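Working notes for the structure below.
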Ligand SMILES: Cc1ncc(COP(=O)(O)O)c(C=O)c1O
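Residue numbers (our numbering): 25 to 457.
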């Protein structure tokens, strides 16, 4: 039974009239209720969710534990404002984040609302701590839509064009994409070259002693699920240590079990100084965090950090239940198993579809890159758009990604059932056909 008062058509018309085009909609139906990995729209149609609100729903829609924790908190209070009167949820969550974040050093955690806000604040404390100004992010990277994070983001259209000027002292270092390696080069030589390019960047573009922080997504999300070689990530981390630069891992899309580990940096055996977390942290409620070295985070004085709604108690309650669910339901193992199943299906499809150029995966962070042909590796944006469009008209929420828009990415809830997964994969198969 629907709980809205207007029809889909009426709501679509009002949306066109009252909501700016700037917010894109990959699916134009109207959600009514959702559970696990299925959303039901107000006309009763069921949608398998392979998008999870862009990586927000690792524990699935309306997980009973999250709902219970949220309801309990709503009955107690909504928001005293942590900087006005403290509450337990914020402190408990900060402790939890410090325990689960990598690193055997004293840690602290501070909460915010959005991913971009967490990145902004990680940069802010790094600048104060190092007394330096420059910020290094990477080509193909995405860090948000505020002025600073737009500047740190790579893709010009649709994220930056016409929205400048951007904050000064932001530099983008080259990020390796193994798929760009030619057959003539060995993997090791390719990685050596990328490390040399990274070193050169600090000679020709910005000097390391002026750099406050390097901000890196362990796997680039919006950039197309680009998995860097371990040796490259380790080199970047060592380089930062050598030059007194704060190394920040942006785990906003990769965190909370998406890659089969709680945080993706674990795959690279690298411990960042600071980490930004958001998206799946609070199962759909707005919450983000910066967690990491206490000596860095504690550098700002009272009142220099925070925000009116930062660390909202309802979101904190949801986040604490998320960590319980990840453990109790073994979601890290499930993540790996889910990824394997999706990858297997994609390899089957690659047998009959020449447009599949590359399939990559870490845990359940799976992507398929589409090309016009496998030799040229030329990006096939049109095909990617056709497939995601078909899916979004035939019962599957599916997202694209990539600098060239030619990657299909999978961000299904880790609690997805075999039946839901099968239905979703069947739709993808039809879409490819
Ligand atoms: C890696 C990464 N950093 C930052 C952000 C920005 O997060 P938000 O949209 O919550 O500001 C995103 C969002 O997609 C992201 O994937």
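Built from N, CA and C at the ideal position, the CB exists for glycine as well.
This structure is a prediction, so every number in the text was calculated from the model and none was measured.
| query | result |
| --- | --- |
| Looking only at its chain, what residues have a beta carbon closer than 6 angstroms to the beta carbon of residue 118, apart from the 5 residues adjacent to it on each side? | 133 |
| Please find out if some non-hydrogen atom of ligand 1 comes closer than 7 angstroms to the beta-carbon of residue 140. | yes |
| So if DSSP puts residue 300 in a beta bridge, which residue, or which two residues, is it bridged to? | 274 and 314 |
| Quick one: grab the DSSP three-state call for residue 74. | coil |
| Under 7 angstroms: does the beta carbon of residue 169 sit that close to some heavy atom of ligand 1? | yes |
| I need the straight-line Cα distance from residue 142 to residue 84, nearest angstrom please. | 23 angstroms |
| For ligand 1, any of its heavy atoms closer than 7 angstroms to the Cβ of residue 302? | yes |
| Grab the span of the beta strand (DSSP E) containing residue 183 for me, first residue to last. | Neither: residue 183 is in no beta strand (DSSP E) and is coded neither H nor E. |
| Alpha carbon to alpha carbon, how far is residue 235 from residue 343? | 33 angstroms |
| Quick one: what does DSSP say residue 59 is sitting in, helix, strand or coil? | strand |
| Are the region 351 to 366 and the region 279 to 286 touching by the rule of at least three beta carbon pairs closer than 8 angstroms? | yes |
| Below 8 angstroms between beta carbons: does that hold for residue 391 and residue 249? | yes |
| Please list, in chain order, all residues of the same chain as residue 254 whose beta carbon is under 8 angstroms from its beta carbon, the five residues on each side excluded. | 291, 292 and 293 |
| Between which two residues does the beta strand (DSSP E) harbouring residue 424 extend? | 423 to 425 |
| What separation, rounded to the nearest whole angstrom, lies between the Cα atoms of residue 245 and residue 427? | 10 angstroms |
| Helix, strand or coil for residue 85, going by three-state DSSP, please let me know. | strand |
| What does residue 433 pair with, by DSSP beta-bridge criteria? | 391 and 423 |
| Under DSSP, the alpha helix (DSSP H) around residue 33 begins and ends at which residues? | 32 to 42 |
| State the DSSP-derived secondary structure class of residue 385, mapped to helix, strand or coil. | strand |
| For residue 121 and residue 437, what's the separation of their Cα atoms in angstroms? | 21 angstroms |
| Quick one: what's got a C-beta closer than 6 angstroms to residue 226's C-beta in the same chain, skipping five residues either side? | 232 |
| Which residues mark the beginning and the end of the beta strand (DSSP E) in which residue 342 is found? | That residue, residue 342, is in no beta strand (DSSP E); its alpha helix (DSSP H) goes 337 to 352. |
| Quick check: the region 198 to 212 against the region 122 to 130, are there 3 or more CB pairs under 8 angstroms? | no |
| Quick one: residues in its chain with C-beta nearer than 6 angstroms to the C-beta of residue 385, no 5 flanking neighbours on either side, listed in chain order? | 363 and 367 |
| With respect to the alpha helix (DSSP H) encompassing residue 122, which residues constitute its N-terminal and C-terminal limits? | 112 to 124 |
| Where residue 106 and residue 295 are concerned, what is the direct C-alpha to C-alpha distance, given to the nearest angstrom? | 29 angstroms |
| Can you look up residue 240 in the DSSP assignment and give me helix, strand or coil? | strand |
| Three Cβ pairs or more, each shorter than 8 angstroms: is that satisfied between the region 137 to 154 and the region 162 to 173? | yes |
| Could you check if residue 53 is buried or exposed, using at least 16 other CB atoms within 10 Å of its CB as the buried criterion? | buried |
| Given a threshold of 16 other Cβ atoms within 10 Å of its Cβ, counted over all protein chains shown, does residue 31 qualify as buried or as exposed? | exposed |
| With burial defined as no fewer than 16 other Cβ atoms inside 10 Å of the residue's Cβ, what is the status of residue 51: buried or exposed? | buried |
| Examine ligand 1 and report whether any of its heavy atoms sits within less than 7 angstroms of the Cβ of residue 144. | no |
| Span of the beta strand (DSSP E) holding residue 229? | First-last for residue 229: undefined, no H or E at that position. |
| Is the beta carbon of residue 242 closer than 8 angstroms to that of residue 275? | yes |
| Considering only heavy atoms of ligand 1, does any lie closer than 7 angstroms to the CB of residue 248? | no |
| Looking only at its chain, what residues have a beta carbon closer than 8 angstroms to the beta carbon of residue 37, apart from the 5 residues adjacent to it on each side? | none |
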